[in-house]
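Residues in the sequence shown are numbered consecutively from 2, following this note's numbering. For glycine and all other residues, C-beta sits at the position ideal for the given N, C-alpha and C. Predicted model only: the values in this text are computed from it and were never measured. Shown next, in structure tokens, is the structure this report addresses.
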Amino acid sequence: MTLIQDILYEAVRKHGDRTAFDSMHDRVTFAGFWERVSYIAGALADLGLKKGERIGILAGNCMDYIVYHYAVAKIGAILLVLNTRHTGNELVWALNEATASALIISESHQALLDTLTKQCESIRFTIGIGAVEKAAYSTNELADARRTPAVAANLSDTDPVLLIYTSGTTGRPKGALQTHAGSVMIDRLTADALEICPNDVYLAFMPYFHQAGLIRTRATLNRGATNVVPGKTDPQNLVSTIAKKRVSITMLVPPYDIRLTEIADREQLTFPALRYIIGAGGAGPDHAKRMRVFCERFDCRYMGIYGQTEVTGPATVITGQDYFSKPHSCGKPMAEIDLQIWDERQRPVPAGKVGEIMIRSKTCIPGYWNDDAANQSLYSGEWLHTGDLARMDEDGFIYFVDRKKELIKTGGENVYPREVEDVLGKHPAIADLAVIGLPDPGGWGEKVTAVVMLKDGCPLSLDDVKSHCRNIIAGYKIPQELKIVAEIPRNHTGKIMKMVLRDKLSRLSK
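Structure representation (structure tokens):
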């Protein structure tokens, strides 16, 4: 049995004097970081928190965020990571749904403290990171008390260590319970894939409330490498940080790759230590072309990934020339992750056929928090239903097609919205769009509907849409209805909220 804190402790023993965190203002060694984790864990235990209780955290990236991650794990509790981009109402919902016992909140979010505590009766006390005036306790005061916890009894690697709510594009968010075992395994697979060593420096650009940010941070610590917390995440600061701190690994999302290249060229900067840029797999030819230019300019490699919260992170990976030659592919399964593509009868499909991605791995979550209905359909035997449709080529590369719940069935044919969106997205009048299925009164099941936000001053008709798609995609895939809207609703991660669109437009058409 191995817990996430056990792996960290081994790194502390080997690399105690090396820098674990560089927060731009000061540096903390592995030994100092572990000491702070232990003191905070002791304080949390003294405050009465016990195994299995949920502790919310609302904060931007900082070292103490990761301190709490490990401290909460040491006492057997579960860290509920809260999205800093959420509204007060959304945060209240998550805290109440998880019946959080305590809330850790940073100085930059303290304006929400009264709202959250007054509307969440389960919260017994609050802890501030930084100067949070109304918090019952401060992190520095708890650490300065220098308490150390008794060894928590009855801990298991199957115990949940994180509670992360999914994006909720098809309904209310679901709370994925990620375990010690799954986290330990995905951290090891990540460190192996990136070949992380003690000389590496990881730039913690991705928010810690995303599992991607936590995984790369833990993987870096586990191998004795340094985490740099950049503070400001504007392109100018990131460029100077990568150069000054000799960053070797980081994640980038569009359009940061473009902006970083522009700034580096203008200021004649190089990134001599940079080895890996991590991003999405299957992002398409335009993205692959940009990343090839970036990698050649800075002599580094690109790693694209596909994964989801229910798999505790990445499930497939694609790197270097593979991505540049197969830009629509999200790669091959990571080591020790079994992946198959099944048809509706739960049988593996042959190469080239579309089916649902099914995953069998220790990284898969045991289930969702307080959601029996979702848990009943999460697994078929040992295989987890991802809800994602894909195909596999003869070489074993995976190509994401669409979300299963977004599939449009019309006249006995299946239409994948993403395929139609890729075609329509090239129309010069369209600023943003979504393709959905709406009930067809003519008895065809659903009709393919394009929901479009136009660029300023650009007209568009249904005939324009059909003409644009003709000879590119089959006739049954071409939208039969056009809806022009002021805005395409998206959630905090940028995903289109198609259920919201579908419900709203269905009501209006009645």
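Going by Cα to Cα distance, which pick from the options is closest to residue i?
i	options	result
A435	L506, E108, I165 and L45	L506
K233	V466, M25, L9 and D457	M25
A265	R298, D389, G285 and D18	R298
I79	K52, N97 and Y66	K52
L164	L156, D158, A177 and A153	A177
M454	A182, V355, T85 and I489	I489
K333	A194, R37, G426 and D372	A194
R346	T320, K327 and H386	H386
F206	E196, V185, I250 and T180	I250
A151	K499, N492 and Y40	Y40
D160	L143, R173, T180 and K484	T180
G314	V452, Y400 and A220	A220
G28	I366, L261, L390 and V202	First, the residue type needs correcting, since residue 28 is Arg and not Gly in the sequence shown. Ranking I366, L261, L390 and V202 by Cα distance to R28 puts V202 first.
A274	R260, D300, I479 and V185	D300
I497	R471, A475, A136 and E422	E422
V248	P199, Y209 and G438	P199
E142	G476, S102 and G43	G43
L261	V82, I216, Y277 and D235	D235
A112	K15, A132 and A391	A132
G412	K245, G438, T271 and N492	G438
K456	A430, E447, P440 and D464	A430
R224	D188, C296 and A244	D188
P174	G476, G446, E108 and A99	A99
With 16 other CB atoms within 10 Å as the buried threshold, where does residue i fall?
i	result
A374	exposed
D47	exposed
V230	buried
K427	exposed
E196	exposed
R37	buried
I485	exposed
T88	exposed
N155	exposed
M252	buried
C459	exposed
K406	exposed
Q481	buried
N472	exposed
T3	exposed
R508	exposed
In angstroms, rounded to a whole number, what distance separates the CA positions of residue i and residue j?
i	j	result
I8	W370	26 Å
I106	T116	13 Å
I58	I128	9 Å
R148	E134	23 Å
D396	R291	25 Å
V355	G282	18 Å
K119	T85	19 Å
G280	P442	42 Å
W384	G353	21 Å
P367	P349	23 Å
L502	C365	30 Å
T310	T167	7 Å
A391	W343	9 Å
M335	A136	43 Å
E54	F325	46 Å
L190	Y307	14 Å
F22	A72	16 Å
D65	A146	16 Å
I76	L215	19 Å
I5	D287	38 Å
Y10	A226	14 Å
Give me whichever residues DSSP pairs with residue i in a beta bridge.
i	result
L309	One point to set straight first is that residue 309 is Gln, not Leu, in the sequence displayed. According to DSSP, Q309 bridges with G314.
E482	T450
T252	Reading off the sequence shown, one finds Met at residue 252, where the question assumed Thr. According to DSSP, M252 bridges with I279.
S563	This structure leaves residue 563 out entirely; the chain is present only between 2 and 511.
P161	T180
N228	F22 and Y203
K119	Its beta-bridge partners do not exist; DSSP assigns none.
T30	T20
N415	K410
G214	Per DSSP, none; premise fails for G214.
Y138	I128
M304	I279 and T320
I497	R491
Y166	G176
S107	I130
Flag residue i as yes if its beta-carbon sits less than 9 Å from any beta-carbon of chain B, otherwise no.
i	result
F401	Of the chains in the structure shown, none is chain B; there is only one protein chain.
**Prompt:** Mind pulling the beta strand (DSSP E) runs of 3 or more residues that sit fully within the segment 319-367?
**Reply:** If we require 3 residues or more, the beta strand (DSSP E) runs fully inside the segment 319-367 come out as 339-343 and 356-361.
**Message:** To test your reading of the DSSP string, which unbroken alpha helix (DSSP H) runs of 4 or more residues are found completely within the segment 358-413?
**Reply:** Runs found: 373-377.
**Prompt:** Which full runs of the beta strand (DSSP E) of 3+ residues lie inside the segment 42-93, going along the chain?
**Reply:** Qualifying beta strand (DSSP E) stretches, in chain order: 55-59 and 79-82.
**Asked** Unbroken alpha helix (DSSP H) runs of length 4 or more, entirely within the segment 419-472: which are they?
**Response** Those alpha helix (DSSP H) runs which fall completely within the segment 419-472 and span 4+ residues are 463-470.
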